[in-house]
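**Q**
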Amino acid sequence: MDKVGFIGLGAMGTAMAWNVCQGGYTLAVYNRTPEKTAAFRRADVQVCETPRAVAGRSSVIIVMVTGPEALLSVLEGPEGVLSGLTAGKVVINMGTVSPETTETAARLVAAKGASFVDAPVSGSVKPAREAALVILAGGEKAVVGRVKPILLTVGKEVVECGGVGAGTRMKLVVNLMLGNMMQSLAEALMLSKDLGLAPDTLLKALAGGPLSAPIYQIKGRAILEGNYASQFPIHLMFKDLNLALEAAGKVRVPLPQTAATRECFNGAMAHGLADQDMAAVVKCLEALTGRTVRD
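For the sequence shown, the positions run 79 to 373 when the working numbering is used.
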């Protein structure tokens, strides 16, 4: 059985690392801020001082950090993953980065004789805790097959998207839709309220028709309850929409709706809402109108 290293213990990464551990794998962890490793240390999980040490102890290394710069920082340098990587090992990036960063990371890993899989996740903190994420995997089929049992400790399904980079590209497409859905829900709730319709009745109408989608019910209920505890924070959605628009620009695909949605999330950032859940994008509409969705 592979020994697994896990780098990046944010809200998502912590839940995922615990699920790997509970899946029976020998685990080693690293986080830039050591306080987030305390619970793992108490549970007798090996806590490493550097990414290099994680790579040295593990045959499969999972990285779950926030963006392109963070991924390359973890990989490179004298104490990075690459310095402890040897032939036959596998590096899996599960964070959302640009296609170009994925290609760079894959080349760096391949130069060490190791394999690379990009496997970003569809889902937020709650499904991460419940091991119910959807994994969007890109890589050589045999390598993805090797690590699939590990991936299934953190997710309910592995969608094999194609070769290296395909998982990253698929994640950008999925989050493009997620951001647009969130903004459309915020607008619909605002309009329904001002048209004299009960917002909770709107959620019932959505649940029973062609627009039935769990995200509308989950985030709609959160808005009506005023619960903006971060499951997927606004700053990460803003980052992902930027990545999608950058990728679209390079292949000359216009995304006018997504560009407008990105600016709505930009507005939410300007209102100081960066660390609140993406449902808090509704607050920008409330600020513009001077009215609230909630009674």
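All residues carry an ideal CB built from backbone N, CA and C; glycine is no exception.
Cα separation between Ile293 and Gly240?
**A** The residue given as residue 293 occupies position 215 in the sequence shown. The residue given as residue 240 occupies position 162 in the sequence shown. Approximately 26 Å between the Cα atoms of the pair.
**Q** Which complete alpha helix (DSSP H) runs does the segment 87-139 hold, if anything under 4 residues is left out?
**A** The segment 87-139 contains these whole alpha helix (DSSP H) runs: 89-100, 116-120, 129-135.
**Q** Which stretch, first to last residue, makes up the alpha helix (DSSP H) that contains Ser262?
**A** Residue mapping note: residue 262 aligns to position 184 of the sequence shown, counting from 1. That run of the alpha helix (DSSP H) goes 244-272.
**Q** For the beta strand (DSSP E) containing Lys167, name the first residue and the last one.
**A** Taking the sequence shown and counting its residues from 1, the one referred to as residue 167 is at position 89. That residue, Lys167, is in no beta strand (DSSP E); it is neither H nor E in DSSP.
**Q** Looking at Leu281: is its Cβ nearer than 7 Å to the Cβ of Met248?
**A** Taking the sequence shown and counting its residues from 1, one reaches residue 281 at position 203. Taking the sequence shown and counting its residues from 1, one reaches residue 248 at position 170. Result no, Cβ atoms of Leu281 and Met248 do not sit closer than 7 Å.
**Q** Taking the C-alpha atoms as reference points, what is the distance between Ser290 and Met94?
**A** For this step, residue 290 is matched to residue 212 along the sequence shown. For this step, residue 94 is matched to residue 16 along the sequence shown. If you take the alpha carbons of Ser290 and Met94, they lie about 28 Å apart.
**Q** What three-state label does DSSP hand Asp278 in the structure shown?
**A** Translated into positions along the sequence shown, residue 278 becomes position 200. Of the three classes helix, strand and coil, the one that applies to Asp278 here is helix, per DSSP.
**Q** For Arg330 and Glu324, what's the separation of their Cα atoms in angstroms?
**A** Counting from 1 along the sequence shown, the entry for residue 330 is found at position 252. Counting from 1 along the sequence shown, the entry for residue 324 is found at position 246. Cα to Cα, Arg330 sits roughly 10 Å from Glu324.
**Q** Between Met359 and Ala322, what straight-line distance do the alpha-carbon atoms span, to the nearest angstrom?
**A** The residue you call residue 359 lines up with position 281 of the sequence shown. The residue you call residue 322 lines up with position 244 of the sequence shown. Residue 359 is actually Val in this sequence, not Met. Between Val359 and Ala322, the C-alpha separation is close to 19 Å.
**Q** In chain order, what residues of the same chain lie with their CB nearer than 7 Å to the CB of Val175, ignoring the 5 residues before and after it?
**A** In the sequence shown, the residue the question calls residue 175 occupies position 97. Counting only Cβ-Cβ distances below 7 Å, and skipping sequence neighbours, we find Gly145, Pro146, Leu149, Thr246.
**Q** Give every residue of the same chain whose Cβ lies closer than 7 Å to the Cβ of Arg372, excluding the five residues on either side of it in the sequence, and list them in chain order.
**A** The sequence position of residue 372 within the sequence shown is 294, counting from 1. Leu302, Gly304.
**Q** Return the residue from the list Val212, Lys190, His313, Glu178 that minimises the CA-CA distance to Val32.
**A** As shown, the chain starts at 79 and ends at 373. That puts residue 32 outside it, with no answer to give.
**Q** If contact is defined by three or more beta carbon pairs under 8 Å, each pair taking one atom from either stretch, is the segment 270-280 in contact with the segment 347-362?
**A** Contact between the segment 347-362 and the segment 270-280 is absent, because fewer than three Cβ pairs lie under 8 Å.
**Q** Please report the distance separating the alpha-carbon of Ala28 from that of Glu265.
**A** Nothing can be reported for residue 28, as the shown portion of the chain is limited to 79 through 373.
**Q** Count the other C-beta atoms from every protein chain shown that fall within 10 angstroms of the C-beta of Arg369, then say buried if there are 16 or more, exposed otherwise.
**A** The count along the sequence shown starts at 1 and reaches residue 369 at position 291. It is exposed - the Cβ of Arg369 has fewer than 16 other Cβ atoms within 10 Å.
**Q** For Leu263, which residues of its own chain have a beta-carbon under 7 Å away from its beta-carbon, when the five flanking residues on both sides are left out?
**A** Here residue 263 refers to the residue found at position 185 when the sequence shown is read from its first residue. The residues are Tyr294, Lys297, Gly298.
**Q** Expressed to the nearest angstrom, what Euclidean distance is found between the alpha-carbon atoms of Val82 and Leu160?
**A** Walking along the sequence shown from the start, residue 82 turns up at place 4. Walking along the sequence shown from the start, residue 160 turns up at place 82. Each residue's Cα considered, the two are about 16 Å apart.
**Q** Would you mind reading off the limits of the beta strand (DSSP E) that contains Ser151?
**A** For the purposes of this step, residue 151 is taken as the residue at position 73 of the sequence shown. No beta strand (DSSP E) contains Ser151, which is instead part of the alpha helix (DSSP H) from 146-153.
**Q** Closer than 7 Å by C-beta to Asn109: which residues in its own chain qualify, once you throw out the five before and the five after it? Chain order, please.
**A** Residue mapping note: residue 109 aligns to position 31 of the sequence shown, counting from 1. So the list reads Gly86, Leu87, Thr115, once near-sequence residues are dropped.
**Q** Please say whether Leu284 and Glu312 have beta carbons closer to each other than 7 Å?
**A** Working through the sequence shown from its first residue, we reach residue 312 at position 234. Working through the sequence shown from its first residue, we reach residue 284 at position 206. Checking the displayed sequence, the identity of residue 312 turns out to be Ile instead of Glu. Cβ atoms of Ile312 and Leu284: not closer than 7 Å.
**Q** State the DSSP-derived secondary structure class of Val195, mapped to helix, strand or coil.
**A** Along the sequence shown, read from residue 1 onward, the residue named residue 195 stands at position 117. Note: Val195 maps to strand in three-state DSSP.
**Q** Between which two residues does the alpha helix (DSSP H) carrying Lys190 extend?
**A** As a position in the sequence shown, residue 190 is number 112, starting the count at 1. Neither: Lys190 is in no alpha helix (DSSP H) and is coded neither H nor E.
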